[in-house]
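Have a look at the structure below before the remarks.
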Amino acid sequence: LAYNLIMISFSLDFWFKNRDVVETQEHYKSRWRSIWIMYLTMFLSSVGFSIVIMSVWPYLQEIDPTADASFLGWIIASYSIGQMLASPLFGLWSNYRPRREPLVISTAISVAANCLYAYVHVPHSHNKYYMLTARALVGFGAGNVAVVRSYIAGATSLTERTSAMANTSACQAVGFILGPVFQTCFTLIGEEGITWKLIHLQLNMYTAPVLFGALLGVINIILIFVIFREHRVDDMGRQCKSVNFEGEGTEGEGILFFLESLLFPF
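The opening residue of the sequence shown carries number 260 in the numbering used here; numbering runs sequentially from there.
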């Protein structure tokens, strides 16, 4: 009898320590604030692709007359190639480390790449290759889409997940649409624009959009640090203690996001 009582006591203690925590109102608000940050991150990743899509060719001809139409194709494709390579890497990273790390690093890469794009006119030769590198790095930074989708999938209940994933795709589509709109607004600056010789920066219709994108990226990083929190709930919406997936599910989900990134790089 004493042995049975000890075993029952041990079982109850184990259950109380490992059971799912009921979600509080504050946890619910924090969870959805973090999801909205993920919406913004997805939106900015899409804007990074489309915000310069209309001006790449005239800007390329201006900075490097040796560039031809075939090289333009490589510049456009470099974004997708960079994103395809980065998505499984960031996804794997987020399986073992806090998701804030790949989110911040990927966004910082995009910010640096946009700044590089604004300075591709400075070198005296091979400018087209600098532009190619800048666009590839922007795409590499946009590889955080795997992290965004996996976080939203793990931070929503079964009833919330469909609408949350639909909103994610909507933010992605809106980013693709508004990118050229932002580009059109910056055409008012003109091709000459303003030049700061001290820092060799030309602010014109070609560079202003990417600098605007870099500014949005910096704001996104700040929001990730200040507002974003790691959350995970089960299908019933109950708070789980572990943030990332562990055990047998980790490898399977890593393979799933790797295949998704290869088949659907956007």
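We treat Cβ as the ideally placed atom computed from N, Cα and C, and that holds for glycine.
**Message:** One question on the structure: do S365 and A345 come within less than 9 Å of each other, judged by their Cβ atoms?
**Reply:** Result yes, Cβ atoms of S365 and A345 sit closer than 9 Å.
**Request:** Kindly list the residues whose CB is nearer than 7 Å to the CB of Q461, restricted to its own chain and excluding five residues on each side of it in sequence; keep chain order.
**Result:** Cβ contact annotation for Q461 (same chain, cutoff 7 Å, sequence separation greater than five): H380, G452, T454, in chain order.
**Asked** Are the beta-carbon atoms of M390 and L319 separated by less than 9 Å?
**Response** Yes.
**Asked** Taking buried to mean at least 16 other C-beta atoms within 10 Å of its own C-beta, is C430 buried or exposed?
**Response** Label assigned to C430: buried.
**Request:** Using a threshold of 9 Å, state whether the C-beta atoms of L396 and S428 are closer than that.
**Result:** The criterion of a C-beta distance shorter than 9 Å is not satisfied by L396 and S428.
**Prompt:** With distances taken between CB atoms, is the gap from R394 to I310 smaller than 9 Å?
**Reply:** No. Outside cutoff.
**Asked** If you run the structure through DSSP and keep just helix, strand and coil, what is L344?
**Response** Residue state, collapsed to three classes: helix.
**Item:** DSSP beta-bridge partners of T454
**Value:** DSSP lists Q461 as the beta-bridge partner residues of T454.
**Beta-carbon spacing of A401, Y338 below 9 Å** = Contact: yes.
**Message:** I'd like to confirm the pairing. Which residues does DSSP put opposite V492 in its beta bridges?
**Reply:** Residue pairing from DSSP places V492 in a beta bridge opposite Q498.
**Item:** Ranges of the alpha helix (DSSP H) found wholly within the region 304–374, counting only runs of at least 4
**Value:** 315–322, 328–355, all fully within the region 304–374.
**Request:** Taking 9 Å as the cut-off, decide whether the C-beta atoms of I340 and G434 are in contact.
**Result:** Not a contact, by the Cβ cut-off of 9 Å.
**Request:** State buried or exposed for R530, treating a residue as buried only when at least 16 other CB atoms are found within 10 Å of its CB.
**Result:** In the structure displayed, the chain extends from 260 to 525; residue 530 sits before or after that span and is not available.
**Prompt:** Whose CA, out of E282, S305, I294, lies closest to the CA of G438?
**Reply:** Distances from the CA of G438 to each of E282, S305, I294 were compared; the closest alpha carbon is that of S305.
**Message:** Using a Cβ-Cβ cutoff of less than 8 Å, which residues in the same chain neighbour I483 once the five nearest sequence positions on both sides are dropped?
**Reply:** Setting aside the 5 residues that flank it on each side, I483 is surrounded in the same chain by I296, T300, R359, L362, V363, T366, each with a C-beta closer than 8 Å to its C-beta; the list follows chain order.
**Prompt:** When you compare only the Cα positions, how much space is there between S293 and V440?
**Reply:** Approximately 27 Å, taken between the alpha carbons.
**Request:** Please say whether M464 and S289 have beta carbons closer to each other than 9 Å?
**Result:** No, these two residues do not count as a Cβ contact at 9 Å.
**Request:** Check F487 in the structure and name its three-state DSSP category.
**Result:** In the three-state reduction of the DSSP assignment, F487 falls in the coil class, being assigned neither a helical nor a strand state.
**Message:** Helix, strand or coil for T446? Go by DSSP, reduced to three states.
**Reply:** In the structure shown, T446 falls within a helical segment according to DSSP collapsed to helix, strand and coil.
**Message:** Between P317, D327, Q498, F302, which has its C-alpha nearest L417's C-alpha?
**Reply:** The option with the nearest alpha carbon to L417 is Q498.
**Asked** Excluding sequence positions up to five away, which residues of its chain have a Cβ less than 8 Å from the Cβ of L375?
**Response** Listed in chain order, the non-local C-beta contacts of L375 below 8 Å within the same chain comprise Y389, T392, A393, L396, local neighbours out to five positions each way being set aside.
**Message:** Tell me the rounded alpha-carbon separation between F445 and N373.
**Reply:** Each residue's alpha carbon lies about 16 Å from the other.
**Prompt:** Going by the beta-carbon positions, is the gap between A377 and T466 smaller than 9 Å?
**Reply:** Contact: yes.
**Message:** Are the CB atoms of V492 and E282 within a distance shorter than 9 Å?
**Reply:** Yes, the Cβ-Cβ distance between E282 and V492 is below 9 Å.
**Secondary structure of Y388, DSSP reduced to three states** = Per DSSP, reduced to three states, the secondary structure at Y388 is helical.
**Request:** Check whether the Cβ of L351 lies closer than 8 Å to any heavy atom of the ligand ADP, and answer yes or no.
**Result:** This structure lacks the ligand ADP; in fact it carries no ligand of any kind.
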